[in-house]
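**Student:** Under the numbering used here, the first residue of the sequence shown carries the number 37, and numbering increases by one thereafter.
We put the CB at the ideal spot given by N, CA and C, even for glycine.
Remember, it's a predicted structure, so these values are computed and weren't measured experimentally.
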Amino acid sequence: MSAQQNKPLRIIHFAGIDWYVRSGQGNPDDNLWQDDAQSVWVDKQQRLHLKLRQINGKWYAAEIRSIQPTHYGIHRFYVANRMDLLDKNVVAGIFIYKGHNQEMDIEFSKWRQAHAPNAQFVVQPEQTGNVFKFNLKLQGDYSTHLINWQADYIDFHSFYGHNILPPDSNFEIAQWSYRQKKLRDDGQYYIHINLWLSKNQPPANAKEAELIIASLDTPISPIILKKGKVYKNVTLYPNQSYDHIFAYVYDAKQVSYILYNSENKAVKKNNIDNNHFEIDFTHLPKGNYKLIIQNSTKKYIYNLQKNY
37 MSAQQNKPLR IIHFAGIDWY VRSGQGNPDD NLWQDDAQSV WVDKQQRLHL
87 KLRQINGKWY AAEIRSIQPT HYGIHRFYVA NRMDLLDKNV VAGIFIYKGH
137 NQEMDIEFSK WRQAHAPNAQ FVVQPEQTGN VFKFNLKLQG DYSTHLINWQ
187 ADYIDFHSFY GHNILPPDSN FEIAQWSYRQ KKLRDDGQYY IHINLWLSKN
237 QPPANAKEAE LIIASLDTPI SPIILKKGKV YKNVTLYPNQ SYDHIFAYVY
287 DAKQVSYILY NSENKAVKKN NIDNNHFEID FTHLPKGNYK LIIQNSTKKY
337 IYNLQKNY
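1) Straight-line CA distance for Y284 to K305?
2) Could you say which of I47, H151, H198, S102 lies nearest to Q224 if we only look at CA atoms?
3) Would a C-beta distance cut-off of 9 Å place Q156 and I142 closer than the cut-off?
4) Among residues of its own chain, excluding the 5 on either side of I100, which ones have a beta-carbon nearer than 8 Å to its beta-carbon?
5) When we look at the beta-carbon of H181 and count the other beta-carbons within 10 Å, is it buried (16 or more) or exposed?
6) Which runs of the beta strand (DSSP E), 3 residues or longer, sit entirely within the segment 277–314?
7) Would a C-beta distance cut-off of 9 Å place L252 and Y114 closer than the cut-off?
8) Check the DSSP bridge columns for W95 and list the partner residues they point to.
9) Quick one: does G176 have its CB under 9 Å from some CB of chain C?
10) Count the other CB atoms within 10 Å of the CB of E139; is the residue buried (16 or more) or exposed (fewer)?
11) For L340, name the three-state secondary structure that DSSP assigns.
12) Here's the rule: buried if 16 or more other CB atoms are within 10 angstroms of the residue's CB, otherwise exposed. What is Q112?
13) Name the DSSP beta bridge partners of M119, please?
14) In the DSSP assignment, what residue or residues form a beta bridge with S112?
15) Pairs of beta-carbons, one from the segment 166–183 and one from the segment 193–203, closer than 8 Å: are there three or more?
16) So what does DSSP say about N230, is it helix, strand or coil?
17) Ignoring anything shorter than 4 residues or poking outside the segment 123–191, list the alpha helix (DSSP H) runs there in chain order.
18) Would the C-beta of S102 count as close to the ligand MG, meaning under 8 Å from any of its heavy atoms?
19) Using 8 Å as the threshold, is the segment 291–303 in touch with the segment 324–332, meaning 3 or more CB pairs across them?
20) Quick check on the DSSP output: the beta strand (DSSP E) that includes V103 runs from which residue to which?
21) For G264, which residues of its own chain have a beta-carbon under 7 Å away from its beta-carbon, when the five flanking residues on both sides are left out?
22) Leaving out five residues before and five after F290 in sequence, what residues of the same chain have Cβ atoms less than 8 Å from its Cβ?
23) Going by alpha carbons, who is nearest to T106 out of L121, T254, Q90, L320?
24) Just to confirm before moving on: does the CB-CB distance between N117 and E246 stay below 9 Å?
25) Using DSSP's beta-bridge definition, name the partner residues of R215.
26) Report the partner residues of K334 according to the DSSP bridge assignment.
27) Measure the alpha-carbon distance for K334 versus V270 and round it to whole angstroms.
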């Protein structure tokens, strides 16, 4: 967030992480940035909304930045609206950033060209060999986008739906791997999410735009501290309709789970030979549920509520 700030930074809480909300004016492309609750908010379903808005004849972009620095590891973003339908002048960005030319990006934009590819993976500086462009054509609102930042490579991955990994090849959108030695984890990289105007040109369709992130998994997601060591626990992601629950149990090779209804009756259970799973809620009635996840050494208990 290199722009001048006109007032104290607003802070929001999303996906277990605290974020600064940007305001003022500045790069990219000298955009105006608005930080009020009509531009950046978390809804009742705990989804993040960034909105590009016209206010008193001027266009205002939106951006958040993690307060804590991030580190090597997987950064997975569950996008919940149609980034393939953005106006040609609008840019939606998901990125890991330290400074100029020290940046890893997933960007959705046609960059003012009506017939250009509408998505790209980038390791700055943007030059030959550092960019992978592709066409994003969604079949619904849900897509998952991943940056796996490691000491000697950066993997990018986009696929349909909200899953930890694509269930099969039919879910694949794009993959790209970048071999690297320059972007070192020095504790000064932060996660950014933004929505802005390329070259500060108003949307060609004159309409406001929105980016919705349902959840995310990152190395700075909530953790457990035990005997001075850091143990990641469980990433549990309910989608916005509560039709499914996705769970990822860190540092486990096998897990089991039991789902109880409000009468303490087990309605679903399974033993799984890996560390991630999905529970289908489609045919379960509305109400309160208790989910118990067990690995070889730990038990996790979650109280859930299906409202649909």
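**Tutor:** Straight from the coordinates:
1) As a working mapping, residue 284 is identified with position 248 in the sequence shown. As a working mapping, residue 305 is identified with position 269 in the sequence shown. In a straight line, the C-alpha of Y284 is about 16 Å away from that of K305.
2) Here residue 224 corresponds to residue number 188 of the sequence shown, with the count starting at 1. The option with the nearest alpha carbon to Q224 is S102.
3) Translated into the one-based positions of the sequence shown, residue 156 becomes position 120. Translated into the one-based positions of the sequence shown, residue 142 becomes position 106. Going by C-beta atoms, Q156 is nearer than 9 Å to I142.
4) Position 64 of the sequence shown, counted from the start, is the residue given in the question as residue 100. Result list for I100: I48, F50, W55, Y56, V57, R58, V76, L84, L86, H228, I229, N230, in chain order.
5) In the sequence shown, the residue the question calls residue 181 occupies position 145. With 16 or more Cβ atoms within 10 Å of its Cβ, H181 is classed as buried.
6) 280–285, 291–296, 302–308
7) Your numbering for residue 252 matches position 216 in the sequence shown. Your numbering for residue 114 matches position 78 in the sequence shown. Taking 9 Å as the Cβ cut-off, L252 and Y114 qualify as a contacting pair.
8) As a first step, residue 95 is located in the sequence shown; it is residue number 59 there, counting from the start. The secondary-structure analysis by DSSP pairs W95 across a beta bridge with Q90.
9) Among the chains in the structure shown there is no chain C, since it carries only a single protein chain.
10) The count along the sequence shown starts at 1 and reaches residue 139 at position 103. E139 comes out buried.
11) Translated into positions along the sequence shown, residue 340 becomes position 304. Reduced to three states, the DSSP call for L340 is strand.
12) In the sequence shown, residue 112 corresponds to position 76, counting from 1. The sequence given here places Arg at residue 112; Gln does not occur at that position. So R112 ends up on the buried side.
13) Numbered from its first residue, the sequence shown carries residue 119 at position 83. DSSP lists no partner for M119.
14) Within the sequence shown, the letter at position 76 stands for residue 112. Looking at the sequence itself, residue 112 is Arg, so the reference to Ser does not match. Answer is L182, D253.
15) yes
16) By 1-based counting over the sequence shown, the position of residue 230 is 194. N230: strand per DSSP, three-state reduction.
17) none
18) Among the components of this structure there are no ligands whatsoever, and the ligand MG is therefore not found.
19) Of all C-beta pairs linking the segment 291–303 to the segment 324–332, three or more are shorter than 8 Å, placing the two stretches in contact.
20) Against the sequence shown, residue 103 aligns to sequence position 67. Checking the displayed sequence, the identity of residue 103 turns out to be Ile instead of Val. Element bounds for I103: n/a, residue is neither H nor E.
21) As a working mapping, residue 264 is identified with position 228 in the sequence shown. In this prediction, G264 scores a pLDDT of 42, lower than 50, which makes its location untrustworthy; no coordinate-derived value is stated.
22) Counting from 1 along the sequence shown, the entry for residue 290 is found at position 254. The question names Phe, but residue 290 in the sequence shown is Gln. Excluding positions up to five away in sequence, the list reads N307, I308, D309, N310, N311, N331, S332.
23) On the sequence shown, residue 106 is found 70 positions in, with the first residue counted as 1. Residue T254 is the option with its Cα nearest to T106.
24) If you number the sequence shown from 1, residue 117 lands on position 81. If you number the sequence shown from 1, residue 246 lands on position 210. Yes, Cβ-Cβ distance for N117 and E246 is below 9 Å.
25) Taking the sequence shown and counting its residues from 1, one reaches residue 215 at position 179. Listed as beta-bridge partners of R215 by DSSP are Y189.
26) Walking along the sequence shown from the start, residue 334 turns up at place 298. Beta-bridge pairing links K334 to no other residue.
27) As a first step, residue 334 is located in the sequence shown; it is residue number 298 there, counting from the start. As a first step, residue 270 is located in the sequence shown; it is residue number 234 there, counting from the start. Going by the C-alpha atoms only, they are around 11 Å apart.
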